[in-house]
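Participant:
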Amino acid sequence: MTIKVDVAIIGAGHAGLNAVKEVRKVTDRWVLINGGPLGTTCARIGCMPSKVAIHLAETYQIRERLGRYGVEGGEHLRINQQAALEHVRDLRDTFVDLVLANTTDEMDAEHLIDGYAEFIDAGRLKVGERIIEPEAVIIATGARSVVPQEWQDADGVLTVDNLFDQEQLPESVAVIGLGPIGLEIGQALHRLGIEVTGFDHGERLARIADPVVNRAAIDIFQREFPLLFGHEPEISRRNGGFAVRSGEREVAVEQIFFAVGRQAHLAPLKLERLGVPLGAQGVPRFDPATLKVSKLPIYLAGDATGGIANLQRAAEHGRIAGFNAVHRRKRRYVSRAPMAIIFSEPNIAIAGRQWNELDQARTAVAQQRFGPVGRALIMGQNRGMMRVYADRRSGRLLGAAMVGPRCEHLAHLLCWAIESGFTVDRALDMPFYHPVIEEALQDALIELREALHASPARGGWRRLAPRLVGT
Ligand SMILES: Cc1cc2nc3c(=O)[nH]c(=O)nc-3n(C[C@H](O)[C@H](O)[C@H](O)COP(=O)(O)OP(=O)(O)OC[C@H]3O[C@@H](n4cnc5c(N)ncnc54)[C@H](O)[C@@H]3O)c2cc1C
């Protein structure tokens with residue numbers, strides 16, 4: 344059977360679904376092709392269930408502070424892991440249902456095709472027995488977990504793809520890869536009562552480029568559970584479980600959780616048949632502004648473009664690819680001040696430019712510890728450190744890296760300021776309340792203002808006196 348359409352969208356994640364919204368404003372001749380379960384990566388295995396597990400683990404962890412507040416009996420509290428996992432699945436299913444109700448549930452079989460697509464050539468797609476001849480194609484096939492060949496489909500190997508479907512959690516887990524997913528899930532599992540050891544071949548936690556913040560973060564999380572850096576972890580089978588070696592250290596665990604990265608999910612599409620050059624991860628060369636692949640009427644969107652996965656970027660890509668697929672005049676993707684948030688406790692966040700992207704000679708740096716921040720002390724979470732960067736010539740804010748309480752909100756404030764071209768002085772003109780975590784940012788900015796006027800030889804920063812009760 345051959346189907347002729349204006350646009351074929353491959354992948355019903357946030358990128359693909361947002362593309363559909365744009366396309367259907369102009370034409371009804373479109374198809375959305377999706378292989379695997381509907382409901383999006385974000386809702387099924389990604390952003391949402393991981394945050395439910397983190398929230399649950401964080402809530403259980405509070406029992407360790409209860410004694411300090413005069414609440415007795417905290418040490419007798421026990422978590423029922425099965426019930427906890429059930430709660431994660433309940434909420435996950437709610438998120439999936441919400442996505443489905445607002446998107447694919449109302450699509451008929453003419454528009455929504457179940458199956459994996461592959462290109463026959465640049466003008467034709469194949470899905471099972473069906474041949475589709477679209478005027479334009481949007482590739483929004485997402486990314487998938489990388490698992491070393493020898494451990495794919497092996498018993499006892501977990502990734503985010505199967506973690507939340509487990510009925511029972513193991514007693515011990517080795518988390519391989521301490522990027523954002525490894526740290527978030529590793530900490531949550533540890534707090535749910537599993538013996539967790541983290542392994543990474545590099546020296547960076549959660550991809551933090553700033554060496555001072557990276558050190559502070561490692562110190563904080565290493566106090567909670569062991570993190571082993573600097574050696575390629577060697578994994579072998581041992582007594583029905585696994586042994587994982589990192590340099591001189593070896594740890595025996597029941598299961599492995601792989602978090603060594605996610606890769607654009609493009610191989611099944613057979614993109615080599617398009618006759619365009621393919622780069623890293625098999626991603627075809629494309630214009631990052633229009634998202635167009637070479638001179639073909641083919642667009643890439645979301646995690647399928649490679650790089651760091653980001654839900655908001657996937658949605659915006661989808662809108663732009665959808666619009667461009669049905670309009671001559673193209674819209675352009677404008678990248679905003681980058682932001683990354685790791686929902687560990689304490690949070691890790693990056694706003695704007697990273698340390699390794701800065702011209703050090705032109706950059707003023709200030710740092711602020713969360714230790715003396717009044718609000719953080721009240722919350723019993725006064726751990727962490729923030730470093731903020733500004734351009735010496737213009738005084739403009741460039742970026743920040745931080746590990747500390749509620750940094751998810753500080754990262755937003757900073758990104759909005761950076762995106763608006765704020766100088767440090769302008770940011771300090773903004774209102775601040777008391778006692779709030781934002782006062783840590785205010786102090787860092789005061790410090791940064793001084794650093795801007797200091798010579799780089801002085802080091803650009805000095806510690807502020809503790810601020811417990813406001814200015
Ligand atoms: C554990 C985890 C935590 C995360 N946390 C965050 C977070 O806190 N914040 C954040 O911004 N982002 C987070 N992300 C990333 C975010 O979930 C993704 O960036 C986003 O969901 C990607 O959307 P997408 O539309 O590109 O792809 P997806 O939602 O993955 O959709 C792709 C769809 O295409 C289908 N498909 C693949 N190949 C084919 C084919 N050949 N034919 C047909 N269909 C195909 C897939 O089955 C899938 O349904 C997280 C991801 C994970 C895994």
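To get our numbering, take the position in the sequence shown, counting from 1, and add 343.
Just so you know, even glycine gets a beta-carbon here, dropped at the ideal spot from N, CA and C.
Taking the continuous beta strand (DSSP E) assigned at Arg487, which residues delimit it?
Facilitator: Position 144 of the sequence shown, counting from 1, holds the residue named residue 487. Start and end: Ala486 to Ser488.
Participant: Measure the C-alpha to C-alpha separation of Gly573 and Asp543 and round it to an integer number of angstroms.
Facilitator: Locating residue 573 in the sequence shown gives position 230, where the first residue counts as 1. Locating residue 543 in the sequence shown gives position 200, where the first residue counts as 1. Their Cα atoms are separated by approximately 7 Å.
Participant: To the nearest angstrom, report how far apart Ala351 and Tyr642 are at their CA atoms.
Facilitator: Position 8 of the sequence shown, counting from 1, holds the residue named residue 351. Position 299 of the sequence shown, counting from 1, holds the residue named residue 642. Whole-angstrom Cα-Cα distance: 10 Å.
Participant: I'd like to check one pair, Met745 with Gly717: are the Cβ atoms closer than 9 Å?
Facilitator: By 1-based counting over the sequence shown, the position of residue 717 is 374. By 1-based counting over the sequence shown, the position of residue 745 is 402. No.
Participant: So what does Met682 bridge to, in DSSP terms?
Facilitator: For the purposes of this step, residue 682 is taken as residue 339 along the sequence shown, with counting starting at 1. Answer is Ala694.
Participant: Is His544 near ligand 1 - that is, is its Cβ less than 8 Å away from at least one heavy atom of it?
Facilitator: One-based indexing of the sequence shown puts residue 544 at position 201. It does not: the Cβ of His544 is nowhere closer than 8 Å to a heavy atom of ligand 1.
Participant: Three or more C-beta pairs under 8 Å: does that hold for the region 396 to 410 against the region 524 to 544?
Facilitator: Yes: the two stretches touch, three or more of their Cβ pairs being nearer than 8 Å.
Participant: With burial defined as no fewer than 16 other Cβ atoms inside 10 Å of the residue's Cβ, what is the status of Ser656: buried or exposed?
Facilitator: Counting from 1 along the sequence shown, the entry for residue 656 is found at position 313. Looking at the sequence itself, residue 656 is Arg, so the reference to Ser does not match. By the 10 Å Cβ count, Arg656 comes out buried.
Participant: Which stretch, first to last residue, makes up the beta strand (DSSP E) that contains Thr383?
Facilitator: Sequence index remark: in the sequence shown, residue 383 carries index 40 (1-based). Where Thr383 is concerned, there is no enclosing beta strand (DSSP E), given that its DSSP letter is neither H nor E.
Participant: Just how far apart, CA to CA, sit Val812 and Gly622?
Facilitator: Position 469 of the sequence shown, counted from the start, is the residue given in the question as residue 812. Position 279 of the sequence shown, counted from the start, is the residue given in the question as residue 622. With a pLDDT of only 44 at Val812, under the threshold of 50, the placement of this residue in the model should not be trusted, and no figure is reported.
Participant: When you compare each of Gly378, Ser515 and Asp433 to Met391 by their alpha carbons, which one comes out closest?
Facilitator: Within the sequence shown, residue 391 is the residue found at index 48, counting from 1. Nearest of Gly378, Ser515 and Asp433 to Met391, Cα basis: Asp433.
Participant: I think Val348 touches Pro491, with their Cβ atoms under 8 Å apart; what is that distance to the nearest whole Å?
Facilitator: As a first step, residue 348 is located in the sequence shown; it is residue number 5 there, counting from the start. As a first step, residue 491 is located in the sequence shown; it is residue number 148 there, counting from the start. Wrong, their Cβ atoms sit about 39 Å apart, outside the cutoff.
Participant: Just to confirm, does Thr437 get its C-beta within under 8 Å of one of the non-hydrogen atoms of ligand 1?
Facilitator: Counting from one through the sequence shown, the residue named residue 437 turns up at place 94. No, Cβ of Thr437 sits at least 8 Å from all heavy atoms of ligand 1.
Participant: Pull the bridge partners of Val518 from the DSSP assignment, please.
Facilitator: Against the sequence shown, residue 518 aligns to sequence position 175. Val518 pairs with Gly541 and Phe600.
Participant: In terms of residues, what are the limits of the alpha helix (DSSP H) holding Gln606?
Facilitator: Numbered from 1 along the sequence shown, position 263 holds the residue referred to as residue 606. Note, Gln606: premise wrong, no alpha helix (DSSP H); beta strand (DSSP E) at Arg605 to Ala607.
Participant: Check this for me: beta carbons of Arg580 and Arg487, under 9 Å apart or not?
Facilitator: Stepping through the sequence shown from its first residue, residue 580 is reached at position 237. Stepping through the sequence shown from its first residue, residue 487 is reached at position 144. The answer is no: Cβ separation not under 9 Å.
Participant: With distances taken between CB atoms, is the gap from Phe775 to Leu740 smaller than 9 Å?
Facilitator: The sequence position of residue 775 within the sequence shown is 432, counting from 1. The sequence position of residue 740 within the sequence shown is 397, counting from 1. Cβ distance not < 9 Å, so Phe775 and Leu740 don't count as in contact.
Participant: Let me check you understand the geometry: is the CB of Glu418 closer than 8 Å to at least one non-hydrogen atom of ligand 1?
Facilitator: To locate residue 418, count along the sequence shown from 1; it is residue 75. No.
Participant: Does the distance between the C-beta of Phe686 and the nearest non-hydrogen atom of ligand 1 fall short of 8 Å?
Facilitator: Stepping through the sequence shown from its first residue, residue 686 is reached at position 343. Flag set: Cβ of Phe686 near ligand 1.
Participant: Quick one: grab the DSSP three-state call for Tyr403.
Facilitator: As a working mapping, residue 403 is identified with position 60 in the sequence shown. Correct three-state label for Tyr403: helix.
Participant: Is Tyr459 near ligand 1, going by C-beta to nearest heavy atom under 8 Å?
Facilitator: Position 116 of the sequence shown, counting from 1, holds the residue named residue 459. Yes, since a heavy atom of ligand 1 falls inside the 8 Å radius drawn around the Cβ of Tyr459.
Participant: What's the call for Asn423, buried or exposed, on a 16-neighbour Cβ count within 10 Å?
Facilitator: Along the sequence shown, one-based indexing puts residue 423 at 80. The residue in question, Asn423, is exposed, as its Cβ has fewer than 16 Cβ neighbours within 10 Å.
Participant: Quick one: is His608 buried, meaning 16 or more other Cβ sit within 10 Å of its Cβ, or exposed?
Facilitator: Counted from its first residue, the sequence shown places residue 608 at position 265. By the 10 Å Cβ count, His608 comes out buried.
Participant: Taking the straight line between their C-alpha atoms, what separation do you get for Leu401 and Gln598?
Facilitator: Taking the sequence shown and counting its residues from 1, one reaches residue 401 at position 58. Taking the sequence shown and counting its residues from 1, one reaches residue 598 at position 255. Strictly speaking, residue 401 in this sequence is Glu, with Leu absent from that position. Using only the alpha carbons, I get a separation of about 22 Å.
Participant: Does DSSP put Met391 in a helix, a strand or coil?
Facilitator: Position 48 of the sequence shown, counted from the first residue, corresponds to residue 391. Helix at Met391.
Participant: Between Arg662 and Lys364, is the Cβ-Cβ spacing less than 9 Å?
Facilitator: The count along the sequence shown starts at 1 and reaches residue 662 at position 319. The count along the sequence shown starts at 1 and reaches residue 364 at position 21. Yes, the Cβ-Cβ distance between Arg662 and Lys364 is below 9 Å.
Participant: Taking only runs of the beta strand (DSSP E) that begin and end inside the region 436 to 517, which ones reach a length of at least 3 residues, in chain order?
Facilitator: With a minimum length of 3 residues, the continuous beta strand (DSSP E) runs that stay inside the region 436 to 517 are 455 to 457, 460 to 464, 467 to 470, 473 to 482 and 486 to 488.
Participant: So what does Lys635 bridge to, in DSSP terms?
Facilitator: Residue 635 sits at position 292 when you count from the first residue of the sequence shown. In the DSSP output, where bridge partners are listed per residue, Lys635 has Tyr642.
Participant: Throw me the rounded Cβ distance for the Ile353 and Val480 pair, which I believe falls under 8 Å.
Facilitator: On the sequence shown, position 10 is the one that residue 353 refers to. On the sequence shown, position 137 is the one that residue 480 refers to. Contact flag correct, Cβ pair sits at about 7 Å.
Participant: Going along the chain, which residues of its own chain have a beta-carbon closer than 8 Å to the beta-carbon of Asp504, five neighbours each way excluded?
Facilitator: Working through the sequence shown from its first residue, we reach residue 504 at position 161. For Asp504, where only same-chain residues beyond five positions count, the Cβ hits under 8 Å are Ile388, Arg487 and Ser488.
Participant: Pro778: which of Trp759, Ala644 and Pro715 sits nearest, CA to CA?
Facilitator: For the purposes of this step, residue 778 is taken as the residue at position 435 of the sequence shown. Cα-wise, what sits closest to Pro778 is Pro715.
Participant: For Gly742, which option in Val619, Ala692, Phe713 and Ala586 has the closest C-alpha, if you only look at C-alpha atoms?
Facilitator: For the purposes of this step, residue 742 is taken as the residue at position 399 of the sequence shown. Checking every option, the nearest Cα to that of Gly742 belongs to Ala692.
Participant: Is the beta carbon of Val556 sitting closer than 9 Å to the one on Met682?
Facilitator: Here residue 556 refers to the residue found at position 213 of the sequence shown. Here residue 682 refers to the residue found at position 339 of the sequence shown. No. Outside cutoff.
Participant: If you measure from the CB of Ile528, is any heavy atom of ligand 1 nearer than 8 Å?
Facilitator: Along the sequence shown, one-based indexing puts residue 528 at 185. Ile528 Cβ: within cutoff of ligand 1.
Participant: In the DSSP assignment, what are the bridge partners of Gly627?
Facilitator: In the sequence shown, residue 627 corresponds to position 284, counting from 1. The question names Gly, but residue 627 is Pro in the sequence shown. Bridge partners of Pro627: Leu621.
Participant: Could you check what DSSP says for Lys368 in three-state terms: helix, strand or coil?
Facilitator: The residue you call residue 368 lines up with position 25 of the sequence shown. Correct three-state label for Lys368: coil.
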